[in-house]
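Working notes, beginning with the structure itself.
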Amino acid sequence: MKIKRAEKYGFCAGVRIADKKVKKFAELGGRDGQILGQVVHNERVVDEMESLGVPTIDSLEEAVSGTIVFSAHGVPPSFHSTAQDRGLKVLDTTCPFVYDIHEEADRAVARGGHLVFIGEPHHREVIGYTHDRDPETYHILTTLEEAEQVDWSSYPELKILFQTTLNAEEYEDVVRYIESKARKAERADTICYATKENQDAARELCSDPEIGLILIIGGTQSANTRHLWELCREHKPSYLVHSPEDVQPEWLEEVETVGVTAGASTPDYVIEEVEEQVRKLAALHAPAS
Ligand code: SF4
């Protein structure tokens with residue numbers, strides 16, 4: 305069994321920094337720390353942080369003392385002042401690319417623009433961009449049907465922004481529709497480079513004739529991992545796996561080469577464990593010589 309990893313996969317710079325910051329906090333004896341939402345969308349990383357004494361909580365109200373960690377996805381700006389008012393210290397691991405989008409949105413609104421976020425309304429990153437804003441100043445959508453329900457010509461100017469981890473190509477028809485109806489529309493290139501690189505490398509795996517199966521490794525709540533899977537399954541048999549136990553022996557039947565990629569929140573050790581499992585299963589089922 306041959307395994308081919310994508311040219312680019314796994315942890316991005318933003319996640320690497322978030323992971324390091326929390327580990328350093330724990331190493332330096334940081335006590336009474338808690339992470340608001342998964343620091344990165346991967347259950348293994350969450351368990352690891354918990355074992356280091358930094359558990360994950362779901363809401364700011366649950367933090368009564370100590371340090372609150374804001375994840376790489378960012379938070380609504382008001383969360384910083386709320387944390388301060390409640391006497392909490394803040395360890396901010398928000399990715400700089402996410403901050404760029406906050407700033408770009410602020411500038412557009414200050415010019416009188418209306419914001420259009422292409423993204424998932426319940427994703428923490430998107431909540432961060434929108435929670436503190438007047439709902440009259442923005443729309444969040446992902447489908448053409450949703451776009452068709454809005455009179456875009458009623459706004460003097462639109463600013464279109466993408467959640468960082470989307471596959472932009474999937475939303476081209478939605479954005480084109482909005483642009484065709486708007487008086488003035490400007491789209492910001494806010495898909496993160498790491499997401500693009502992982503997606504481009506996954507496309508290369510898809511076009512590799514040797515590869516019979518692709519495994520996409522990542523957390524259950526990782527949007528960018530899911531998008532990689534959606535992209536791969538269009539071209540090759542593809543499975544989303546969260547841990548080595550998810551790999552099913554029957555997937556490997558008659559497959560000589562397995563392609564492997566991973567979402568931006570997947571640590572290297574999970575990728576290695578999955579590959580090890582593939583080798584083990586392949587060896588178990590190899591025909592006796
Ligand atoms: S995927 Fe991009 S935007 Fe998200 S944390 Fe990583 S580097 Fe930052």
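Per my numbering, the very first residue in the sequence shown carries number 305; after that it's consecutive. Glycine included, C-beta positions come from ideal geometry on N, C-alpha and C. Computed from a predicted structure; not experimentally measured.
- By the Cβ criterion, the region 406–414 is in contact with the region 462–481, since at least three pairs of Cβ atoms, one from each stretch, lie closer than 8 Å.
- Not one heavy atom of the ligand SF4 falls within 7 Å of the beta-carbon of Asn471.
- In this structure, Phe401 has its CB closer than 7 Å to one or more heavy atoms of the ligand SF4.
- A residue is called buried when at least 16 other Cβ atoms come within 10 angstroms of its Cβ; Asp572 does not meet this threshold and is exposed.
- DSSP assignment within the region 360–429 yields the following whole alpha helix (DSSP H) runs of 4 residues or more, N-terminal first: 382–389 and 400–414.
- Per DSSP, Ile495 lies in no alpha helix (DSSP H) segment and is marked neither H nor E.
- The ligand SF4 has no heavy atom closer than 7 Å to the beta-carbon of Thr386.
- Using a Cβ distance threshold of 8 Å, Val319 and Ala376 count as a contacting pair.
- Relative to the ligand SF4, Asn346 has its C-beta separated by 7 Å or more from all heavy atoms.
- Lys324 and His435 have their C-alpha atoms roughly 28 Å apart.
- Cβ-Cβ separation between Gln525 and Gln342: approximately 7 Å, consistent with a contact (criterion under 8 Å).
- It is roughly 15 Å from the alpha-carbon of Gly432 to the alpha-carbon of Val344.
- Counting the other Cβ atoms within 10 Å of the Cβ of Val578 gives 16 or more, which makes it buried.
- In this structure, the straight-line span from the alpha carbon of Asp455 to that of Asp362 is close to 36 Å.
- If you compare the alpha carbons of Lys488, Glu450, Thr447 and Gly522 with that of Val564, the shortest gap goes to Gly522.
- Not one heavy atom of the ligand SF4 falls within 7 Å of the beta-carbon of Ala412.
- By alpha-carbon distance to Glu538, the top candidate from Gly357, Ala506, His427 and Asp477 is Ala506.
- Not a single heavy atom of the ligand SF4 lies less than 7 Å from the C-beta of Thr561.
- When the beta-carbon positions are compared, Ile515 and Ser542 stay at least 8 Å from each other.
- Contact check for Met305 and Val582: beta-carbon distance about 6 Å, within the 8 Å limit, so the pair qualifies.
- For Leu556, there is no enclosing alpha helix (DSSP H), as DSSP marks it with neither H nor E.
- Following the DSSP letters along the chain, one finds Ile521 in no alpha helix (DSSP H) but inside the beta strand (DSSP E) bounded by residues Leu517 to Ile521.
- In the structure shown, Ser542 adopts extended strand secondary structure according to DSSP, grouped into three states.
- When secondary structure is reduced to three states using DSSP, Leu445 falls in the strand class.
- Using a Cβ distance threshold of 8 Å, Thr360 and Gly378 do not count as a contacting pair.
- Rounded to whole angstroms, the gap between the alpha carbons of Gly333 and Arg348 is 22 Å.
- About 6 Å separates the beta carbons of Gln467 and Val430, which is inside the 8 Å limit, making them a contact pair.
- Taking a C-beta distance under 8 Å as the contact criterion, Cys496 and Phe374 do not qualify as a contact pair.
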